[in-house]
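Peer 1: Chains as they are written, first to last, in numbering that gives the first Met the number 0: chain A, 0 to 296; chain B, 0 to 526; chain C, 0 to 305.
Right, I'll just put the structure down here and ask away after.
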Amino acid sequence: MSTQAETVALPPRFRWRRVSLRLGDFPLIPTLILAGVAFVAIFANVLAPHNPEVGSLVARFKPPFWETGGSAKYLLGTDQLGRDVLSRLIFGARVSMVVGFTAVIFAGVIGTALGILSGYLGGWVDQVIMRLTDTWLALPALTFAIFLAAIVGPSMWNIVIILGITYWTRYARVIRGEVLSLKEREFVRLAIVAGCSKWTIMRRHILPNVINSAIVLGSLMLGVVIITEATLSFLGVGVPPPQPAWGLMLSDGKQGLMVGRWWLTVFPGCCIMLMVLSANLLGDWLRVKLDPQLRQL
Amino acid sequence: MARCGGTRNGGSKQSDLTRRDVLALTAIGLVAGAPAAAAATAPGGQLTWAIHVSLAPTWFDPAETEALITPYMVLYALHDAMVKQMPGKTQTPCLAESWSSSPDGLSYEFVLRKGAKFHNGEPVTADDVKFSFERYHGAAHQLMKDNVAAIETPDPQHVRFKLKKPWPDFITFYSTASGSGWIVPRKYVEQVGNEGFKKAPIGAGPYKFVSFTPGIELVLEAFDEYWRKPPGVKRLVMKVIPDEATRLAALKRGEVDIAYSVRSELAEELQRTPGLTLKPVVLQAPNWLYFPEQWDPKSPWHDLRVRQAANLAIDREGMSQALFLGYCKITNSIIPYTFDFYWQPPAAVYDPAKAKKLLAEAGYASGFDAGLLYCDSSYSNMAEVSLDNLQQIGIRAQLQPIERAAFFAGYVDKKYTRGIIQGASGAFGNAATRLASFVVNGGAYTYGSYPDIDELFSQQAGELDHEKRAAILDKMQQLVHEKAIYAPIWQLGFLNGVGPRVGESAFGLIAGFAYTAPFEDITIKGA
Amino acid sequence: MKQYIGRRVGYSLLSLFLLSLTIFFFVRVTGDPAALLVEPGASPADIAAIHHQFGLDRPLWVQYGIFMASLFHGDLGQSFYYRMPVMGLYLSRLPNSLLLAVVAMGLSLLIGIPSGILAAVRVGRFWDSVGKLFALLGLSLPSFWVGLVLILVFSVYLGWLPSSGAGTPLHLIMPAFALGWYFAAAHMRLTRSSMLEVLGSEYVKLARIKGLPQSLVIAKHAFKNALIPVLTLAGINLVIMVNVAVVVETVFAWPGIGRLLYEGIAFRDFPVVQGVVIMGGAMIVTVNLLIDILYAVIDPRIRLER
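And the structure:
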């Protein structure tokens with residue numbers, strides 16, 4: 000490792016960032032939306048008017064209350080099995096939150112850990128991890144996810160695992176690059192001189208400095224993960240029915256689109272869109288604030 | 000990718016390459032894309048299909064016919080059989096004008112139809128029949144080889160099959176249950192080889208092969224010298240459109256004239272759209288719930304009343320209305336009603352109150368947790384309803400949809416020993432072959448069996464008298480029903496759409512057949 | 000330099016080898032192709048016959064050996080489902096995929112670059128927000144749904160565009176848009192940050208000091224330089240588009256390799272899955288390799304890394 004190489008990867012700049020969270024361009028609405036989704040997810044049991052998984056075939060395809068044929072009993076209408084759309088959306092927030100956040104965190108933990116190991120230890124560890132990453136990147140994420148789904152079978156937690164082990168490489172590469180430059184910084188060298196162990200340095204000095212990038216990446220990955228989850232449902236290998244998940248609702252309801260039953264897809268579609276859009280806007284803002292280096296993500 | 004923005008100096012080189020790449024790719028794309036231009040539609044003379052599954056070249060060769068219904072979608076157009084299922088009759092002489100069997104049941108003699116020709120103009124001869132039988136290596140070939148001792152061709156118009164032992168099912172298997180009776184031209188096949196034949200098949204059917212793009216499109220042209228009658232439409236195009244909603248959109252726009260498999264809500268829309276017609280067909284594929292725990296004395300399912308309760312809990316009619324517009328045939332048996340030796344069980348009853356009572360009697364007044372309900376993920380909508388129905392009487396289960404291949408692999412490997420299985424079978428055969436696979440000890444899909452049924456099965460296997468055998472098989476099916484080994488649901492309705500230009504679509508002309516056939520009967524309106 | 004290239008090529012070959020190994024064993028644990036070639040309920044003898052026909056009854060390592068040996072001769076094996084060489088199938092679909100990807104990339108850049116520039120030079124203004132939102136929207140909606148809405152609106156209601164299939168330029172519009180829109184945000188983001196970087200650079204400042212009008216500075220100096228990384232990313236994304244269009248190809252019945260792969264997975268057509276994945280992997284690895292080498296040519300210091 001030469002210092003020269005590092006200067007190419009990153010201009011010399013001290014990276015203890017103390018970012019002032021100015022409220023000027025703070026994406027308030029996206030934050031509120033995400034907070035709202037989280038709130039709904041947590042209190043789903045209290046908020047939902049009906050059981051999201053039980054319906055009656057008699058009450059199929061009721062439109063939202065303001066359309067003719069709709070009723071106040073089912074505010075946003077019912078689906079093909081007579082289940083309340085609103086209740087499913089509310090419980091769907093829970094699934095989306097759980098799948099989205101745990102998958103992103105799962106991928107983030109694997110990716111960050113491997114990225115740090117690879118970048119800091121170098122040598123054969125670096126070689127092994129990077130060759131593994133290369134192999135992973137040569138296989139399109141969606142293909143890989145379909146495979147995993149076919150192998151492990153569908154369940155919400157399996158989807159989390161699938162998404163986690165599909166997307167960790169995105170973190171590993173970026174984090175490794177950061178670590179390579181951090182390694183040469185004064186404070187790391189001082190720590191080495193002071194006799195800290197490799198483990199301590201990685202934990203105490205490297206990790207806190209890459210966590211910002213991991214968070215930014217995570218906020219941008221949240222959208223990718225949620226869209227992938229919906230796409231897996233479309234391909235028949237997503238969260239299994241009758242569990243209420245937005246992606247599954249969208250995929251189940253897509254045929255209603257042709258028939259004029261717009262509420263089956265427009266509501267979950269909007270939920271997905273708002274959540275992903277918010278995550279992206281927040282991520283973009285964080286990216287600019289926390290880490291100008293992560294420009295090409 | 001983290002490297003992209005790192006340096007700016009010397010970047011122009013990069014961008015040049017990228018641009019050049021893009022141009023080069025564009026050029027390849029455009030050049031190669033051009034010949035794919037859509038064939039001009041000859042007015043009035045062409046009908047276009049939207050097919051739901053990917054077309055495979057193996058379907059052009061009867062010798063390859065596996066135990067699967069889909070290849071017949073193409074076979075009926077390209078090829079012809081000695082005896083095949085036709086409108087109104089299961090065993091209709093086609094390339095054979097007639098047949099007769101010897102009194103000892105050991106020999107079958109076919110007389111070939113005069114004037115039947117292959118697409119290359121050569122007549123269909125006894126030699127071709129023998130050749131086609133011998134090269135057949137599809138699903139039933141072992142069974143056929145085990146039973147047929149020799150084939151004699153005394154003259155070009157006569158073929159005699161010598162059997163090793165009397166086999167009353169011979170004509171069933173030779174006509175409908177395998178591809179061995181579909182005739183290919185010997186000379187041509189020997190000339191081009193098996194692979195060449197799949198690339199440019201020649202048959203004796205009503206339509207000639209024109210072109211094929213694997214998985215995308217098949218083009219056929221009328222064979223005017225077809226013996227039955229010249230086909231009514233000059234050109235047929237079969238396009239693969241995998242997404243259901245897209246098939247309906249294409250049908251609505253008039254891009255296609257016939258669309259296979261348009262289900263539930265899309266079918267409703269189809270029904271509502273002026274000019275379009277919904278064509279439902281009942282498949283020979285029953286669906287059911289299976290209770291693999293019934294042989295475990297500790298399981299609730301061990302109690303007959305629990306299984307009867309599950310049977311009573313399922314709202315088959317409601318489910319059919321909700322998912323298939325009511326076009327499924329509720330049969331209450333795991334054996335298709337069109338099969339030989341089918342026994343008609345009492346009609347299925349929906350009575351949740353009685354079901355709850357039975358559960359209470361069995362000691363499960365407050366229900367029980369039944370674990371997982373395994374199903375093929377393409378039919379998880381059915382399973383969702385069953386699940387809901389069972390829930391209503393207190394049997395709580397969780398859905399476990401598994402992708403089709405993995406599901407059937409798991410089913411046959413006996414992986415789903417706990418819980419409930421939502422199964423189906425579209426395999427050919429008769430009541431005995433179904434019972435062998437799904438009920439009797441040692442069957443590929445049997446998770447447990449009852450000694451009295453097993454005993455009856457071995458009895459019928461040695462029974463040569465048709466009546467006596469039928470009686471035993473009836474008894475067996477009755478026992479399957481009484482023991483509530485299964486909760487049969489229905490025979491699946493297959494819903495298709497037909498556009499305004501089509502006169503006769505030929506849907507449903509052949510009982511139990513999912514696709515359009517016979518092709519020579521299809522017409523364009525006004526033509 | 001030679002040594003560096005040699006090492007990079009070695010790494011690329013190694014990852015392709017690992018990919019072949021992964022995909023080979025992966026695809027074999029996903030299920031049994033025989034179960035799909037017969038109706039459920041078929042006898043075990045039928046299934047065994049199919050296993051034998053496809054060579055699936057041999058030991059795994061023998062199957063892998065055969066697979067690798069033929070791979071070296073450019074033979075990807077015979078498709079189980081189509082019973083024809085996978086290479087031929089692949090090559091017959093590739094032009095369609097490339098065509099779709101190129102047009103989709105064009106649309107994607109058409110959305111991404113202007114909105115990225117706006118976001119950089121008109122921060123916080125109305126058109127910036129509109130452009131940004133439109134680009135991000137593509138990332139926020141699952142493409143199957145976008146596709147179906149497009150079909151509903153433009154084919155069924157308005158009747159302007161054919162619903163599915165390939166053939167004329169009209170067939171291309173909707174699938175290309177559905178595919179390209181998803182990638183627009185990435186191009187928007189990179190254009191924006193790269194524009195900002197260029198605008199902050201010394202020579203742009205110099206141009207401003209010289210008194211050149213703002214629009215000219217942006218158009219002439221900043222834009223050209225800011226475009227370079229964007230086009231590099233576009234090159235990579237183009238290859239990715241070719242390989243990830245599964246959903247769009249399914250919805251629009253577009254005859255590309257994405258569908259070939261997806262159907263290959265659905266039918267457990269092992270040779271098709273292996274072939275498509277390895278060809279795709281080779282494409283991605285090659286592009287990455289080219290970019291690595293290019294960077295090394297441009298900046299010799301990179302060669303010392305790793």
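C-beta: ideal position from N, C-alpha, C; glycine also.
Kindly indicate which three-state DSSP category LEU494/B falls into: helix, strand or coil?
Peer 2: Taking the first residue of the second sequence as 1, we reach residue 494/B at position 495. In this structure, LEU494/B counts as strand in the three-state DSSP scheme.
Peer 1: Within a Cβ cutoff of 7 Å, which residues of the same chain sit near SER448/B, ignoring the five residues on either side of it in sequence?
Peer 2: Counting from one through the second sequence, the residue named residue 448/B turns up at place 449. Closer than 7 Å at Cβ, skipping near neighbours: VAL438, VAL439, ASN440.
Peer 1: Strictly by DSSP, which residues pair up with MET237/B?
Peer 2: Taking the first residue of the second sequence as 1, we reach residue 237/B at position 238. For MET237/B, which the question treats as bridged, DSSP gives the partners TRP48/B, LEU217/B.
Peer 1: Check whether the Cβ of TRP144/C lies closer than 7 Å to any Cβ atom in chain A.
Peer 2: As a position in the third sequence, residue 144/C is number 145, starting the count at 1. True, the Cβ-Cβ gap to chain A drops below 7 Å.
Peer 1: For ILE401/B, return the contacting residues in chain A, with the cut-off set at a CB-CB distance below 7 Å.
Peer 2: By one-based count along the second sequence, residue 401/B stands at place 402. Here the neighbours are GLY152.
Peer 1: Using 7 Å as the threshold, is the C-beta distance between LEU478/B and ILE452/B below it?
Peer 2: Sequence index remark: in the second sequence, residue 478/B carries index 479 (1-based). Sequence index remark: in the second sequence, residue 452/B carries index 453 (1-based). Yes, these two residues count as a Cβ contact at 7 Å.
Peer 1: What three-state label does DSSP hand THR29/C in the structure shown?
Peer 2: Looking up residue 29/C in the third sequence gives position 30. THR29/C falls in the coil class under three-state DSSP.
Peer 1: Could you tell me which residues DSSP puts in a beta bridge with TRP253/C?
Peer 2: In the third sequence, residue 253/C corresponds to position 254, counting from 1. Answer is none; TRP253/C lacks a bridge partner.
Peer 1: Given this structure, state the Cα-to-Cα distance separating ALA23/B from LYS88/B, to the nearest angstrom.
Peer 2: Translated into the one-based positions of the second sequence, residue 23/B becomes position 24. Translated into the one-based positions of the second sequence, residue 88/B becomes position 89. Low confidence applies to ALA23/B: its pLDDT is 39, below 50, so where it sits in the model is not reliable, and the reading given next is rough at best. Approximately 59 Å, taken between the alpha carbons.
Peer 1: Which residue's Cα is closest to the Cα of MET194/C: ALA218/C, PHE176/C, LEU211/C?
Peer 2: For the purposes of this step, residue 194/C is taken as the residue at position 195 of the third sequence. Nearest option by C-alpha distance: ALA218/C.
Peer 1: Tell me which residues of the stretch 126 to 152 of chain C have at least one Cβ-Cβ distance to chain D shorter than 9 Å, keeping chain order.
Peer 2: The chain labelled as chain D is not found among the protein chains of the depicted structure, namely A, B and C.
Peer 1: Just the Cα atoms here: how many angstroms apart are GLY195/B and GLU63/B?
Peer 2: To locate residue 195/B, count along the second sequence from 1; it is residue 196. To locate residue 63/B, count along the second sequence from 1; it is residue 64. Whole-angstrom Cα-Cα distance: 14 Å.
Peer 1: How is the beta strand (DSSP E) around LEU111/B delimited, first residue to last?
Peer 2: Locating residue 111/B in the second sequence gives position 112, where the first residue counts as 1. Taken as a continuous stretch (DSSP letters only), the beta strand (DSSP E) holding LEU111/B covers 106 to 111.
Peer 1: Take LEU93/C and list the residues in its own chain whose beta-carbon comes closer than 7 Å to its own, dropping the five residues that flank it on each side.
Peer 2: Within the third sequence, residue 93/C is the residue found at index 94, counting from 1. So the list reads ILE256, once near-sequence residues are dropped.
Peer 1: Are VAL280/B and PHE493/B touching if we call contact CB-CB under 7 Å?
Peer 2: For the purposes of this step, residue 280/B is taken as the residue at position 281 of the second sequence. For the purposes of this step, residue 493/B is taken as the residue at position 494 of the second sequence. Yes, the Cβ-Cβ distance between VAL280/B and PHE493/B is below 7 Å.
Peer 1: Can you give me the Cβ contacts of PHE512/B inside the same chain, cut-off strictly under 6 Å, excluding the 5 residues immediately before and after it?
Peer 2: Taking the first residue of the second sequence as position 1, residue 512/B is located at position 513. No residues qualify anywhere along the chain.
Peer 1: Tell me, which residues are paired with HIS50/C by DSSP?
Peer 2: Within the third sequence, numbered from 1, the residue matching residue 50/C stands at position 51. In DSSP, HIS50/C forms no bridge with anything.
Peer 1: If the cut is a Cβ gap below 7 Å, which residues of chain B does SER154/C touch?
Peer 2: Residue mapping note: residue 154/C aligns to position 155 of the third sequence, counting from 1. Correct list: ALA248, ARG252.
Peer 1: By the DSSP assignment, the beta strand (DSSP E) with LEU234/A in it spans what residues?
Peer 2: For the purposes of this step, residue 234/A is identified with residue 235 of the first sequence, where counting begins at 1. Taken as a continuous stretch (DSSP letters only), LEU234/A belongs to no beta strand (DSSP E), as it is neither H nor E.
Peer 1: So for VAL183/B, helix, strand or coil by DSSP?
Peer 2: Here residue 183/B is taken as the residue at index 184 of the second sequence, counted from 1. Note: VAL183/B maps to coil in three-state DSSP.
Peer 1: Run down chain A in chain order and give the residues with a C-beta less than 9 Å from the C-beta of GLY279/C.
Peer 2: Working through the third sequence from its first residue, we reach residue 279/C at position 280. Correct list: ALA137, LEU138, PRO139, THR142.
Peer 1: Rounded to whole angstroms, what is the Cα-Cα separation between PRO34/B and TRP58/B?
Peer 2: Stepping through the second sequence from its first residue, residue 34/B is reached at position 35. Stepping through the second sequence from its first residue, residue 58/B is reached at position 59. Annotation note: pLDDT 33 at PRO34/B (below 50); position unreliable, coordinate value reported separately. Computed Cα separation, rounded: 25 Å.
Peer 1: Classify ALA346/B as buried or exposed, calling it buried when 16 or more other Cβ atoms lie within 10 Å of its own Cβ.
Peer 2: In the second sequence, counting from the first residue as 1, residue 346/B sits at position 347. Exposed, because fewer than 16 other Cβ atoms sit within 10 Å of the Cβ of ALA346/B.
Peer 1: Any residues in the stretch 91 to 107 of chain C with a beta carbon nearer than 7 Å to a beta carbon of chain A? Which ones, in chain order?
Peer 2: Residues passing the 7 Å Cβ filter: none.
Peer 1: Quick check on ILE65/C: buried or exposed, where buried means 16 or more other Cβ atoms within 10 Å of its Cβ?
Peer 2: For the purposes of this step, residue 65/C is taken as residue 66 along the third sequence, with counting starting at 1. Its Cβ having fewer than 16 others within 10 Å, ILE65/C is exposed.
Peer 1: Based on Cα-Cα distance, which residue from LEU206/A, ALA106/A, ARG188/A lies nearest to THR165/A?
Peer 2: Translated into positions along the first sequence, residue 165/A becomes position 166. Closest by alpha carbon: ALA106/A.
Peer 1: For CYS269/A, count neighbouring Cβ atoms within 10 angstroms of its own Cβ and tell me buried if that reaches 16, exposed if not.
Peer 2: Here residue 269/A refers to the residue found at position 270 when the first sequence is read from its first residue. Exposed, because fewer than 16 other Cβ atoms sit within 10 Å of the Cβ of CYS269/A.
Peer 1: May I ask you to list, following chain order, the residues of the stretch 355 to 375 of chain B that have a beta carbon less than 9 Å from some beta carbon of chain C?
Peer 2: The stretch 355 to 375 of chain B vs chain C, Cβ under 9 Å: ASP375.
Peer 1: Which residue's Cα is closest to the Cα of THR212/B: ALA103/C, MET83/C, PHE53/C?
Peer 2: Walking along the second sequence from the start, residue 212/B turns up at place 213. Minimum Cα distance to THR212/B is reached at MET83/C.
Peer 1: In chain order, which continuous runs of the alpha helix (DSSP H) of length 4 or greater are located wholly inside the stretch 286 to 348 of chain B?
Peer 2: As far as the stretch 286 to 348 of chain B is concerned, its whole alpha helix (DSSP H) runs of at least 4 residues are 303 to 312, 315 to 323.
Peer 1: At 4 residues or longer, what runs of the alpha helix (DSSP H) sit wholly inside the stretch 79 to 154 of chain B?
Peer 2: Segments of the alpha helix (DSSP H) lying fully in the stretch 79 to 154 of chain B: 125 to 134, 140 to 146.
Peer 1: Go ahead and pull the three-state DSSP assignment for ARG280/B.
Peer 2: Within the second sequence, residue 280/B is the residue found at index 281, counting from 1. Before going on, a small fix: residue 280/B reads as Val here, not Arg. It is a strand residue.
Peer 1: Which same chain residues end up closer than 6 Å to ILE22/C when comparing Cβ atoms and leaving out the 5 residues on each side of it in sequence?
Peer 2: Translated into positions along the third sequence, residue 22/C becomes position 23. Excluding positions up to five away in sequence, the list reads GLN273, VAL276.
Peer 1: Say whether chain C places a C-beta atom closer than 7 Å to the C-beta of PHE146/A.
Peer 2: Walking along the first sequence from the start, residue 146/A turns up at place 147. True, the Cβ-Cβ gap to chain C drops below 7 Å.
Peer 1: Does any CB atom of chain B fall closer than 7 Å to the CB of GLY263/C?
Peer 2: In the third sequence, the residue the question calls residue 263/C occupies position 264. With 7 Å as the cut-off, GLY263/C does not count as an interface residue toward chain B.
Peer 1: Please classify ILE290/C: is it buried, with 16 or more other beta-carbons within 10 angstroms of its beta-carbon, or exposed?
Peer 2: Your numbering for residue 290/C matches position 291 in the third sequence. When all chains shown are included, ILE290/C counts as buried.
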